[in-house]
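Report on one structure; see the data block that follows.
Number of protein chains: 2
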Amino acid sequence: MNTNAVFYHAGCPVCVDAEQQLAGALDPARYQVEIVHLGQQRERIGEAAAAGVASVPALVIGGLPLHINFGAHLTDL
Amino acid sequence: MNTNAVFYHAGCPVCVDAEQQLAGALDPARYQVEIVHLGQQRERIGEAAAAGVASVPALVIGGLPLHINFGAHLTDL
């Protein structure tokens, strides 16, 4: 069974390495990871907020929002 | 090749589910995940700080410290 995981970011240059390392570290046998750049896909900001995302980068996995380090508040995008 | 990943936490009740979900989601073929409870293993606080960990829960993966949500500052442990 594959669980969806969504990694939201906004291109934060300081965090891109860390972001991609974490998103790429998930078990591909169990997780299907989608990467969403909210600066480029602003129409998905509402979806991220509804999932509980308050800042980026964030990983929503199994419905849980995990905020990873800190790039920007969602309200600043 | 297995990469070491260390998940530092301090028993934060709000975060345990999220923590274990993320630590358990890493690809076991590539990552060997160690869980460290810094409240119980205070002798490892220095090691966590040296890795760049400022707060828990945090995952150090490939040498990069990723702070996940927020439980407590390392200095408060």
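Residue numbers (the working numbering), protein chains in the order written: chain A, 9 to 85; chain B, 9 to 85.
Cβ coordinates follow ideal geometry from the N, Cα and C atoms, glycine included.
Computed from a prediction, not measured in an experiment: that's the story for all the values here.
Just so you know, the alpha carbons of Ala66 (chain B) and Leu46 (chain B) end up roughly 11 Å apart. Sixteen is the threshold: when 16 or more other Cβ atoms of the shown chains lie within 10 Å of the Cβ of Gly79 (chain A), as they do, the residue is buried. Contact of Leu34 (chain A) with chain B is assigned, a C-beta pair being separated by under 8 Å.
With a 10 Å radius around the Cβ and a threshold of 16 neighbouring Cβ atoms, Pro36 (chain B) comes out exposed. Annotation: the continuous alpha helix (DSSP H) that includes Val24 (chain B) extends over Val24 to Ala33. Ala18 (chain B) carries a coil assignment under DSSP once its states are collapsed to helix, strand and coil.
DSSP places Ala56 (chain A) in the helix class (H, G or I) of the three-state scheme.
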